[in-house]
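Under this note's numbering, think of the first position of the sequence shown as 40, with each following residue one higher.
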Amino acid sequence: MSIVLVRLFLVLFITFSVNAVYAHPVESNFDNDTSTSVLNLAETSSDATVDEVHHAPPGWTVIPFALLLLMIATGPLFYEHFWHKNYPKVAVALAGMVVAYYLFVLHNVHSPIHALAEYVQFIALLASLYIASGGIMINIDKKVTPMANVILLLVGAVISNLIGTTGASMLLVRPFIRLNKTRIRPYHIIFFIFIVSNVGGSLTPIGDPPLFLGFLKGVPFFWTLTNNLWPWLFAILLLAAIFYFFDKRNKVGNGMDEDTEYSNKLSLIGARNFFWLALVIGSVFLDPNVIDWVPAINYDGQKFSFIREIIMFCVAFFSFKFAKKEAIQGNEFSFEPIREVAFIFIGIFGTMMPALELVGGFAASPEGSKLISHNTLYWGTGLLSGFLDNAPTYINFLTAALAAEGGSILKMADVIAFSEGGRFIGSVLDLKAISIAAVFFGAFTYIGNGPNFMVKSIAEQIGIKMPSFFGYIIRFSIPFLLPLLLIVWLVFFAFA
40 MSIVLVRLFL VLFITFSVNA VYAHPVESNF DNDTSTSVLN LAETSSDATV DEVHHAPPGW
100 TVIPFALLLL MIATGPLFYE HFWHKNYPKV AVALAGMVVA YYLFVLHNVH SPIHALAEYV
160 QFIALLASLY IASGGIMINI DKKVTPMANV ILLLVGAVIS NLIGTTGASM LLVRPFIRLN
220 KTRIRPYHII FFIFIVSNVG GSLTPIGDPP LFLGFLKGVP FFWTLTNNLW PWLFAILLLA
280 AIFYFFDKRN KVGNGMDEDT EYSNKLSLIG ARNFFWLALV IGSVFLDPNV IDWVPAINYD
340 GQKFSFIREI IMFCVAFFSF KFAKKEAIQG NEFSFEPIRE VAFIFIGIFG TMMPALELVG
400 GFAASPEGSK LISHNTLYWG TGLLSGFLDN APTYINFLTA ALAAEGGSIL KMADVIAFSE
460 GGRFIGSVLD LKAISIAAVF FGAFTYIGNG PNFMVKSIAE QIGIKMPSFF GYIIRFSIPF
520 LLPLLLIVWL VFFAFA
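What follows is the structure, encoded as structure tokens:
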């Protein structure tokens, strides 16, 4: 049965690919049938609008998504052998069920196409960055100390804004593990995820996918640096202080290298792969909706990009083919982490469509828009970003916030005005709440942001026993990250 479902899913997605090749992710979740009718983002007749409303998914369609999350959480704990052997089939089968329901029952082709487009962009970016960074071996010949770890994490937080949280995570997680090889503990990896893989990338549109989507829609490039700087600095320093307290108490392996002499130098093997990383980051900006001369496919009245994904997949191939073998071997490079991420997120992108549409539709409805304020936007965007993909969550709440003020996400002038204030009262604070929450809360679970799961997989491949899905939340997110998020809200939003 699972094989049949896998084949069904592949047939459906190939069909979507033939029809659309690639649908641009920026337009996802608000130009599908449901969101278009709710938000009035297109000029349609009243009859057409009524017809589109019938494409809204019923509430029970979120069950496959909930089931997938439950299996991700419980599989490694209670049925580890079955899960590790069959998680690709489980993820693809659940996604296939939802896609088939959309296609044959709801007659909604748009949402699956956009889910496929988001997934293609997601996996192209992660795969290219993962493979290119795998050919760069960074050696830090220095005695490990809590302060050395803090400095590396702070450097990673800054770099995240230059090459993205994914790029910084893939580049630095292995050196971070090697530096702590005699005393590595799960909390090292968790705080790396908190600081480098998430919160660090709050200052530029390159830093994290939600902010890049905002930039493509019209938010000025330096808006994030100007408005997010103080919450970023506050959160990074507080997380670093908490980590330092933990690391100071970690005495495991501290005396094992007392007689070793260190040069305190940093060395690189495979520096040529920085060229491939730069090529990936540069290709991110090749968007036909921003740059007119970029080739595009016109589908459903929109411009859809395909060039950047081709570049990214080419980078993934050539960066590995021409990488230095010493770097690949020294990093203990394996394709298993990216394989696991690829299959798990097929399931997530396929099954989360109903959840995103239902949430986005309510947030933009007259009843939902009455509840919109910078406080509800902070907690709403944040909590959903922790369990759904934070990029479409960001777009859904930005769309709702604009709609509540009479603006449209499809009009760049409205987005620019929203980011500057002016005719949209309180909009700068609203956008700040959405931006900070989408990035910060992405660290709340393994699936909140793409790099999280990959860093976990790399750590486990090396032999580090990582906490389970629920263990991550209960042992680290709730006692350490949640209070930080509450303090950030109290300091920067609650009384503003």
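For every residue, glycine included, the Cβ atom is placed at its ideal position computed from N, Cα and C.
- Cβ-Cβ separation between glycine 206 and leucine 168: approximately 5 Å, consistent with a contact (criterion under 8 Å).
- Boundaries for aspartate 180: no alpha helix (DSSP H) harbours it, while the beta strand (DSSP E) harbouring it runs 176-180, taken from the DSSP string.
- If the five residues before and after methionine 505 are omitted, its C-beta is found closer than 7 Å to the C-beta atoms of Pro225, Ile228, Lys495, Ala498 and Glu499, all from its own chain and listed in chain order.
- Taking a cut-off of 8 Å for Cβ pairs, the segment 385-396 and the segment 98-117 touch, as three or more such pairs fall below it.
- Distance check between glycine 321 and each of Pro334, Ala366, Leu201 and Met209 places Leu201 closest, using alpha-carbon atoms only.
- DSSP links lysine 304 through a beta bridge to Asp180.
- Residue state for phenylalanine 345 is assigned as coil, using DSSP reduced to three classes.
- The alpha-carbon of phenylalanine 313 is positioned some 42 Å away from that of phenylalanine 463.
- Going by DSSP, glutamate 406 is part of the alpha helix (DSSP H) stretching over 405-408.
- Inclusion of serine 236 and alanine 482 in the CB contact set at 8 Å is warranted, their separation being smaller than that value.
- Rounded to whole angstroms, the Cβ separation of phenylalanine 534 and alanine 274 is 18 Å, and the two are not in contact under 8 Å.
- In the structure shown, isoleucine 330 falls within a coil segment according to DSSP collapsed to helix, strand and coil.
- Approximately 4 Å separates the beta-carbon atoms of phenylalanine 282 and phenylalanine 230; this is inside 8 Å, confirming the contact.
- With respect to the 8 Å criterion, alanine 362 and glycine 445 are not classified as neighbours on the basis of their beta carbons.
- Following the DSSP letters along the chain, one finds histidine 146 in no alpha helix (DSSP H), marked with neither H nor E.
- For tryptophan 99, there is no enclosing alpha helix (DSSP H), as DSSP marks it with neither H nor E.
- Residue nearest to leucine 325 within the set Gln160, Phe508 and Ser241 is Gln160 (criterion: CA-CA distance).
- In this structure, DSSP gives asparagine 488 a state outside helix and strand, which the three-state scheme calls coil.
- The C-alpha of threonine 263 lies about 16 Å from the C-alpha of tyrosine 417.
- For a cut-off of 8 Å, the C-beta gap from glycine 460 to valine 454 is around 13 Å, too long to register as a contact.
- Where proline 248 is concerned, the enclosing alpha helix (DSSP H) starts and stops at 248-256.
- Bounds of the alpha helix (DSSP H) holding lysine 471 are 466-479.
- In this structure, the CA atom of methionine 351 is about 29 Å from the CA atom of glycine 502.
- In terms of CA proximity to proline 259, Lys471 leads the group Lys471, Asn488 and Val530.
- Close CB contacts of glycine 257 within its chain, under the 6 Å cut and outside five residues either way in sequence, are with Met451, Val454 and Ile455 (chain order).
- If you draw a 10 Å sphere on the C-beta of tryptophan 99, you find fewer than 16 other C-beta atoms in it, and that means exposed.
- Where glycine 510 is concerned, the enclosing alpha helix (DSSP H) starts and stops at 508-511.
- Nearest in C-alpha terms to phenylalanine 384, of all of Ala442, Phe233 and Ala130, is Ala130.
- For isoleucine 448, the three-state secondary structure derived from DSSP is coil.
- Proximity of the segment 432-439 to the segment 239-253 meets the contact definition, three or more beta-carbon pairs being nearer than 8 Å.
- Between lysine 304 and aspartate 180, the C-beta gap is smaller than 8 Å, which places the two residues in contact.
- Going by DSSP, aspartate 286 is part of the alpha helix (DSSP H) stretching over 262-287.
- Around phenylalanine 233, the same chain offers Leu278, Ala482 and Leu520 as residues with beta carbons nearer than 7 Å, after the five sequence neighbours per side are excluded.
- In this structure, DSSP gives isoleucine 385 a helical state, which the three-state scheme calls helix.
- Taking C-beta separations shorter than 7 Å and ignoring five residues to either side along the sequence, the partners of serine 408 in its chain run Ala439, Ala442 and Ala443, following chain order.
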